[in-house]
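*Asks:* For our numbering, count along the sequence shown from 1 and bump the result up by 211. No residue lacks a Cβ here, since even glycine has one placed at the ideal position from N, Cα and C.
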Amino acid sequence: MPATSLDQVVSLCKRRGFIFPGSDIYGGLANTWDYGPLGVELKNKVKKHWWTTFVRKRIDMVGLDSAILMNRRVWEASGHVGSFNDPLVDCKDCNERFRGDKLLEEKLGVEAAAILTLDQVQPMLTSEKIACPNCGSCTWSPAKHFNLMFKTKQGVIEGEGDDIYMRPETAQGIFVNFKNVLNTMRPRLPFGIGQIGKAFRNEITPGNFTFRTREFEQMEIEYFVDPKEKKTLFDAWQQTVWDWYTGLGIAKERLRVREHEQDELSHYSSKTIDIEYQFPWGWGELFGLADRGNYDLSQHEQFSGEDLKYTDPDEPTNKFLPDVIEPSFGCDRTVLTFLLEAYTEEELPNGDVRTVMKFDKRIAPITIAVLPLSKKENLIAKAKEVYQLLLDETNLTVDFDVTGSIGKRYRRQDEIGTPLCITVDFGTLGEDKEQGEADTVTIRDRDSLEQKRVKISELREAIAQY
Ligand code: ATP
Numbered sequence: 212m213p214a215t216s217l218d219q220v221v222s223l224c225k226r227r228g229f230i231f232p233g234s235d236i237y238g239g240l241a242n243t244w245d246y247g248p249l250g251v252e253l254k255n256k257v258k259k260h261w262w263t264t265f266v267r268k269r270i271d272m273v274g275l276d277s278a279i280l281m282n283r284r285v286w287e288a289s290g291h292v293g294s295f296n297d298p299l300v301d302c303k304d305c306n307e308r309f310r311g312d313k314l315l316e317e318k319l320g321v322e323a324a325a326i327l328t329l330d331q332v333q334p335m336l337t338s339e340k341i342a343c344p345n346c347g348s349c350t351w352s353p354a355k356h357f358n359l360m361f362k363t364k365q366g367v368i369e370g371e372g373d374d375i376y377m378r379p380e381t382a383q384g385i386f387v388n389f390k391n392v393l394n395t396m397r398p399r400l401p402f403g404i405g406q407i408g409k410a411f412r413n414e415i416t417p418g419n420f421t422f423r424t425r426e427f428e429q430m431e432i433e434y435f436v437d438p439k440e441k442k443t444l445f446d447a448w449q450q451t452v453w454d455w456y457t458g459l460g461i462a463k464e465r466l467r468v469r470e471h472e473q474d475e476l477s478h479y480s481s482k483t484i485d486i487e488y489q490f491p492w493g494w495g496e497l498f499g500l501a502d503r504g505n506y507d508l509s510q511h512e513q514f515s516g517e518d519l520k521y522t523d524p525d526e527p528t529n530k531f532l533p534d535v536i537e538p539s540f541g542c543d544r545t546v547l548t549f550l551l552e553a554y555t556e557e558e559l560p561n562g563d564v565r566t567v568m569k570f571d572k573r574i575a576p577i578t579i580a581v582l583p584l585s586k587k588e589n590l591i592a593k594a595k596e597v598y599q600l601l602l603d604e605t606n607l608t609v610d611f612d613v614t615g616s617i618g619k620r621y622r623r624q625d626e627i628g629t630p631l632c633i634t635v636d637f638g639t640l641g642e643d644k645e646q647g648e649a650d651t652v653t654i655r656d657r658d659s660l661e662q663k664r665v666k667i668s669e670l671r672e673a674i675a676q677y
């Protein structure tokens, strides 16, 4: 059973060091979040798993890490300067600003709200009697376009710096490097370029914890294809991504595919599907798969004057701009989804209720915790040996935890989702046969709560079995 309310996860994240409110000691900065010691481990593992699956282990993929700040012409070519807008409405009573389409989603449904024209938003808010979430009044201004890109200045001399944008997506960094990758890696179609990085959008109504923030991370792929093969490859990507999420433990019944209506499509896309997750507040986009055609490459060709065509190696006279399929993952939303899905409250045989984060073992922030039974010096020394052994002989994330009673430490490790705990006791030291043989330890499994006694010399093999 996943989290039933967002608050359960928000509070666990703060209490256990996953995610903290940003700039906390200064009273915060609205909708900014900092990943704490466990959050950064979780996020790094998600990113690493993504990179391994989609870049390192695929012969048709290469990686990239492009700059956040780019020539402003990039954003003119991509259409972001002209059309990366949301419909902004003001409440005339309290002056709070909202995204008109989002206010209407509950009444009209996501699809219908997304296709409203700018002129339709205010009349619809009025006729549907949508109250201001801040003050409750229903006096809305006409909707106007609000560009979501953050601007900043480049250069040190006031007034002389050019206005430039913080990238609102990582995708354009890939398109502007298309030629560099072609020339250096000589890939054959179909092939893709993957990148993980920060993106910035001046969202009108951020919220729901890390679901919608103004600074977030994306994991994006631009997959270049021969237009003839596009349909099959689009479907294959949809399945691959579905399998990635479900393979890491997201239940199929809380995922769905939603295809965008014709009027909802972005200016560059002829087909887009979202994979949505059933968040505690309703269905929300987790991942987007778009057919971008050759829109971006042809725009950049036109704006930069560079030839960005691909030459068919089997037929060198056949030069063309490939079409692009874009699988785009929100990294923070993906992490949030894993947190919500992992959250479990369950009753133990003795009637106690425990909270346990049932993360897939590959993404759990800590894989193994080594716990000396008590704070006795020789016990701690032996436990440290086991800890060091695991650090030296495995690639796993290992924690050493001595604070509090053993019961409390098990509870903490359950709450942070550690799949295995290894307890070092007086049996290990050869001082108490009842606890176990000398040089053996107890392995406790997070999910089954099963405990097994294992020789330290066979620990690696035992761990591998889990
Ligand atoms: P939405 O409709 O939720 O605004 P979008 O359709 O604009 O999202 P895309 O441009 O397709 O999103 O971006 C790809 C992915 O990036 C999304 O599927 C989502 O996971 C993530 N994402 C987009 N905007 C944000 C944001 N403000 N905060 C966190 N993640 C985001």
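Does the ligand ATP have even one heavy atom less than 8 Å from the beta-carbon of D245?
*Replies:* Numbered from its first residue, the sequence shown carries residue 245 at position 34. Outside the cutoff, so no.
*Asks:* Can the beta-carbon of L631 be found less than 9 Å from the beta-carbon of R657?
*Replies:* By 1-based counting over the sequence shown, the position of residue 631 is 420. By 1-based counting over the sequence shown, the position of residue 657 is 446. Cβ atoms of L631 and R657: closer than 9 Å.
*Asks:* Consult DSSP for R269 and reduce its assignment to one of helix, strand or coil.
*Replies:* As a first step, residue 269 is located in the sequence shown; it is residue number 58 there, counting from the start. Three-state result, R269: coil.
*Asks:* Should L497 be listed as close to the ligand ATP, given that the test is whether its C-beta is under 8 Å from any heavy atom?
*Replies:* Position 286 of the sequence shown, counted from the start, is the residue given in the question as residue 497. Yes, the ligand ATP has a heavy atom inside 8 Å of this Cβ.
*Asks:* What does D373 pair with, by DSSP beta-bridge criteria?
*Replies:* The residue labelled residue 373 in the question sits at position 162 within the sequence shown. Answer is Q365.
*Asks:* For T608, which of helix, strand or coil comes out of DSSP?
*Replies:* Residue 608 sits at position 397 when you count from the first residue of the sequence shown. If DSSP states are grouped into helix, strand and coil, T608 belongs with coil.
*Asks:* If we ignore side chains and look at the alpha-carbon of each, how far apart do W492 and T545 end up?
*Replies:* Position 281 of the sequence shown, counted from the start, is the residue given in the question as residue 492. Position 334 of the sequence shown, counted from the start, is the residue given in the question as residue 545. Distance between the alpha carbons of W492 and T545 is about 16 Å.
*Asks:* Could you name the residues that DSSP lists as bridge partners for S539?
*Replies:* Counting from one through the sequence shown, the residue named residue 539 turns up at place 328. Paired residues: E431, G499.
*Asks:* In terms of residue numbering, what span does the beta strand (DSSP E) encompassing F357 cover?
*Replies:* Position 146 of the sequence shown, counted from the start, is the residue given in the question as residue 357. Unbroken beta strand (DSSP E) run through F357: 355 to 358.
*Asks:* Can you have a look at V285 and say buried or exposed, based on whether 16 or more other CB atoms are within 10 angstroms of its CB?
*Replies:* For the purposes of this step, residue 285 is taken as residue 74 along the sequence shown, with counting starting at 1. Buried, by the Cβ-count rule.
*Asks:* S509 to A288, Cα distance in whole Å?
*Replies:* Reading the sequence shown from its first residue, position 298 is the one you call residue 509. Reading the sequence shown from its first residue, position 77 is the one you call residue 288. Cα to Cα, S509 sits roughly 9 Å from A288.
*Asks:* Does chain E have any CB closer than 9 Å to the CB of K303?
*Replies:* This model lacks chain E altogether, as it is built from one protein chain only.
*Asks:* Under 8 Å: does the beta carbon of T421 sit that close to some heavy atom of the ligand ATP?
*Replies:* Along the sequence shown, one-based indexing puts residue 421 at 210. Yes, the ligand ATP has a heavy atom inside 8 Å of this Cβ.
*Asks:* When the Cα of F361 is compared with those of F427, N413, D518, which residue comes out closest?
*Replies:* To locate residue 361, count along the sequence shown from 1; it is residue 150. With distances taken between Cα atoms, F361 lies closest to N413.
*Asks:* Measuring alpha carbon to alpha carbon, tell me which residue in L582, V251, G541, G293 is nearest S616.
*Replies:* Taking the sequence shown and counting its residues from 1, the one referred to as residue 616 is at position 405. Of the candidates L582, V251, G541, G293, the one whose C-alpha sits nearest the C-alpha of S616 is L582.
*Asks:* Using only alpha-carbon positions, find the residue among D235, T578, D276 that is nearest to I404.
*Replies:* Within the sequence shown, the letter at position 193 stands for residue 404. It is D276 whose Cα lies nearest to the Cα of I404.
*Asks:* Just how far apart, CA to CA, sit M281 and Q599?
*Replies:* As a position in the sequence shown, residue 281 is number 70, starting the count at 1. As a position in the sequence shown, residue 599 is number 388, starting the count at 1. Distance between the alpha carbons of M281 and Q599 is about 45 Å.
*Asks:* Does the region 246 to 253 touch the region 339 to 352, meaning 3 or more C-beta pairs lie closer than 8 Å?
*Replies:* No: fewer than three Cβ pairs fall under 8 Å.
*Asks:* Check the DSSP bridge columns for R573 and list the partner residues they point to.
*Replies:* On the sequence shown, residue 573 is found 362 positions in, with the first residue counted as 1. Its beta-bridge partners do not exist; DSSP assigns none.
*Asks:* Using 8 Å as the cut-off, classify the Cβ of T629 as near or not near the heavy atoms of the ligand ATP, replying yes or no.
*Replies:* The sequence position of residue 629 within the sequence shown is 418, counting from 1. Not under cutoff, so the answer is no.
*Asks:* Can you tell me whether K666 is helix, strand or coil according to DSSP?
*Replies:* On the sequence shown, residue 666 is found 455 positions in, with the first residue counted as 1. Strand.
*Asks:* Going by beta carbon distance, what residues of the same chain come within less than 6 Å of G384, once the five residues before and after it are set aside?
*Replies:* Translated into positions along the sequence shown, residue 384 becomes position 173. So the qualifying residues of the chain are S277.
*Asks:* Touch check for the region 545 to 558 and the region 434 to 448: three-plus C-beta pairs under 8 Å?
*Replies:* No, because fewer than three Cβ pairs between the region 545 to 558 and the region 434 to 448 fall closer than 8 Å, the two stretches do not touch.
*Asks:* If you measure between the beta carbons of Q662 and I674, is that distance less than 9 Å?
*Replies:* Numbered from 1 along the sequence shown, position 451 holds the residue referred to as residue 662. Numbered from 1 along the sequence shown, position 463 holds the residue referred to as residue 674. Cβ atoms of Q662 and I674: not closer than 9 Å.
*Asks:* Less than 9 Å separating the beta-carbons of V613 and I591?
*Replies:* Taking the first residue of the sequence shown as 1, we reach residue 613 at position 402. Taking the first residue of the sequence shown as 1, we reach residue 591 at position 380. Closer than 9 Å, so yes.
*Asks:* Which same chain residues end up closer than 7 Å to G415 when comparing Cβ atoms and leaving out the 5 residues on each side of it in sequence?
*Replies:* Sequence index remark: in the sequence shown, residue 415 carries index 204 (1-based). The amino acid occupying residue 415 in the given sequence is Ile; Gly does not appear at that position. D297, L299, R308, F309, R310, F357, listed in sequence order.
*Asks:* Would you report the Cα separation of Y211 and I432, rounded to the nearest angstrom?
*Replies:* This structure gives no information on residue 211, because the portion of the chain shown stretches from 212 to 677.
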